[in-house]
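> Each residue of the sequence shown is one higher than the last, beginning at 4 in our numbering. Just so you know, even glycine gets a beta-carbon here, dropped at the ideal spot from N, CA and C. Given the structure is predicted, the values throughout are model-derived calculations rather than measurements.
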Amino acid sequence: MLHRIATALVVGSALAAGGVAAPASAAASTAAPNLRACYDGKCNLTLTKRASFRVSPRFGITRLTITFNSQIVRVKGTAPGVMSEAVLGRSASGSVNDIGVRIRSLSGSKAVLRLSPVR
């Protein structure tokens, strides 16, 4: 019952604002990379903004957060009581708790990275 009320409120708010809201999944899927594919520590990413996603606990961390600017990429791995970080420049490579990170290209608006397990 509460789900129906919340849905009705959201739809009603969108209509009152003068438009129809696009489904969130359709809007997000066109702009966001598939971060779930990185859970095993192996993926290619093209980022246009900060990203944070879960990774397998076998790496000793459970979350990676990636931020960047035109000069550096900061990759931070965290878990309860744990923090590991790598700060990488253009075309550099490094690792955070056995997740290898390679910067393929970097600008102020986009970072292209490759993640791969080190072990």
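Could you please give me the residues that DSSP links to residue 70 through a beta bridge?
Locating residue 70 in the sequence shown gives position 67, where the first residue counts as 1. Residue 70 is bridged to 77.
> With H, G and I counted as helix, E and B as strand and the rest as coil, what does DSSP make of residue 60?
Within the sequence shown, residue 60 is the residue found at index 57, counting from 1. Note: residue 60 maps to helix in three-state DSSP.
> Just confirm the distance between the C-beta atoms of residue 75 and residue 91, as a whole number of angstroms; I'd bet it's less than 8 Å.
Counted from its first residue, the sequence shown places residue 75 at position 72. Counted from its first residue, the sequence shown places residue 91 at position 88. Correct: roughly 7 Å between the Cβ atoms.
> Going by DSSP, what residue range makes up the beta strand (DSSP E) through residue 89?
For this step, residue 89 is matched to residue 86 along the sequence shown. That run of the beta strand (DSSP E) goes 85-92.
> Are residue 119 and residue 106 closer than 7 Å when you measure CB to CB?
Taking the first residue of the sequence shown as 1, we reach residue 119 at position 116. Taking the first residue of the sequence shown as 1, we reach residue 106 at position 103. Cβ distance not < 7 Å, so residue 119 and residue 106 don't count as in contact.
> Can you tell me the Cα-Cα spacing of residue 48 and residue 64, whole angstroms?
The residue given as residue 48 occupies position 45 in the sequence shown. The residue given as residue 64 occupies position 61 in the sequence shown. Spanning the two alpha carbons is a distance of roughly 19 Å.
> With burial defined as no fewer than 16 other Cβ atoms inside 10 Å of the residue's Cβ, what is the status of residue 80: buried or exposed?
For this step, residue 80 is matched to residue 77 along the sequence shown. It is buried - the Cβ of residue 80 has at least 16 other Cβ atoms within 10 Å.
> Inspect the beta-carbon positions of residue 99 and residue 78 and report whether they are closer than 7 Å.
As a first step, residue 99 is located in the sequence shown; it is residue number 96 there, counting from the start. As a first step, residue 78 is located in the sequence shown; it is residue number 75 there, counting from the start. Note that the C-beta distance between residue 99 and residue 78 is below 7 Å.
> First and last residue of the beta strand (DSSP E) that includes residue 114?
For the purposes of this step, residue 114 is taken as residue 111 along the sequence shown, with counting starting at 1. 114-120 is the extent of the beta strand (DSSP E) around residue 114.
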